[in-house]
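Trainee:
Residue numbers (the UniProt record's numbering): 1 to 90.
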């Protein structure tokens, strides 16, 4: 399965904004593996502003090792201080 880092790596020298065809062509030129190329070929045919937008459009999560349950727990965690809460004590 293609990772977020893989997509960004194989598109690192691409000039943006770029069309889908440009994205796929660049990945092929850079020697991207079949799973990355498959994900990029499935992209909607629009202009992309940057590599992050490409990866998100391909449905690749930035941190797949963090599951949805863990994200929900982190969001509810009361020990996690927000910046504004931290600055109130200063």
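By construction, the Cβ of each residue, glycine as well, lies at the ideal position given by its N, Cα and C atoms.
1) Tell me the DSSP secondary structure of residue 35 in three-state form.
2) What's the call for residue 26, buried or exposed, on a 16-neighbour Cβ count within 10 Å?
3) Excluding the 5 residues flanking residue 13 on each side, which residues of the same chain have their C-beta closer than 6 angstroms to its C-beta?
4) First and last residue of the alpha helix (DSSP H) that includes residue 6?
5) How far does the alpha helix (DSSP H) with residue 24 in it extend, from its first residue to its last?
6) Going by other Cβ atoms of all chains shown within 10 Å of its Cβ, with 16 needed for buried, is residue 23 buried or exposed?
Mentor: Judging by the given coordinates:
1) helix
2) When all chains shown are included, residue 26 counts as buried.
3) If you ignore the 5 residues before and after residue 13, its C-beta comes within less than 6 angstroms of no other C-beta in its own chain.
4) 4 to 10
5) The continuous alpha helix (DSSP H) containing residue 24 extends over residues 20 to 29.
6) buried
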